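Below you'll find the structure, written out as structure tokens, and then a few comments.
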Amino acid sequence: MKDNYRFSRTIFWSEKDHLYICIVNELPGCITDGNTPEEAVQNSEKIIEEWLETAREEGREIPKYISYDEKQNSKANTDTKKR
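Structure follows, in structure tokens:
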């Protein structure tokens, strides 16, 4: 089942690894990499799903996230305020 969760991410270049690193801020240990920032983010999508699936199976609490609908409404509200 594909969840419509939105988690914040931190992306940075790692000189040591010569890759872009993507950390999913709300999910401890959820880190991916890629040759480009886009690839690192894309790789994080599968890892997020696996992280959530494992958390559910083990009965762990899922950290607070921003649902897709909340994100859209927040953006719409921000856009409206700018006008």
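Residue 0 in numbering that gives the first Met the number 0 is what sits at position 1 of the sequence shown, and the numbering runs on without skipping anything.
Even glycine gets a Cβ: it sits at the ideal position worked out from N, Cα and C.
For clarity, every value in this text was computed on a predicted model and none was experimentally measured.
(message) I'd like the list of long-range same chain contacts for Lys74, defined as Cβ closer than 6 Å, with 5 residues on each side in sequence excluded.
(response) For the purposes of this step, residue 74 is taken as the residue at position 75 of the sequence shown. Caution is warranted here: a pLDDT of 40 is assigned to Lys74, below 50, making its placement in the model unreliable, and no coordinate value can be reported.
(request) Can you check the stretch 26-55 for any alpha helix (DSSP H) of at least 4 residues that lies completely inside it and give the ranges in chain order? (result) none
(message) Looking at the secondary structure, which residues open and close the beta strand (DSSP E) in which Ser7 lies?
(response) For the purposes of this step, residue 7 is taken as the residue at position 8 of the sequence shown. No beta strand (DSSP E) contains Ser7, which DSSP labels as neither H nor E.
(request) Report the partner residues of Ile22 according to the DSSP bridge assignment. (result) Working through the sequence shown from its first residue, we reach residue 22 at position 23. Thr9, Ile30, per the DSSP bridge assignment.
(message) For the pair the stretch 29-46 and the stretch 4-15, tell me if three or more CB-CB distances fall below 8 Å.
(response) yes
(request) Look at the alpha carbon of Glu56 and the alpha carbon of Gly28, and state the distance between them as a whole number of angstroms. (result) In the sequence shown, the residue the question calls residue 56 occupies position 57. In the sequence shown, the residue the question calls residue 28 occupies position 29. Straight-line Cα distance between these residues: approximately 17 Å.
(request) For Thr35, count neighbouring Cβ atoms within 10 angstroms of its own Cβ and tell me buried if that reaches 16, exposed if not. (result) Here residue 35 refers to the residue found at position 36 of the sequence shown. With fewer than 16 other Cβ atoms within 10 Å, it is exposed.
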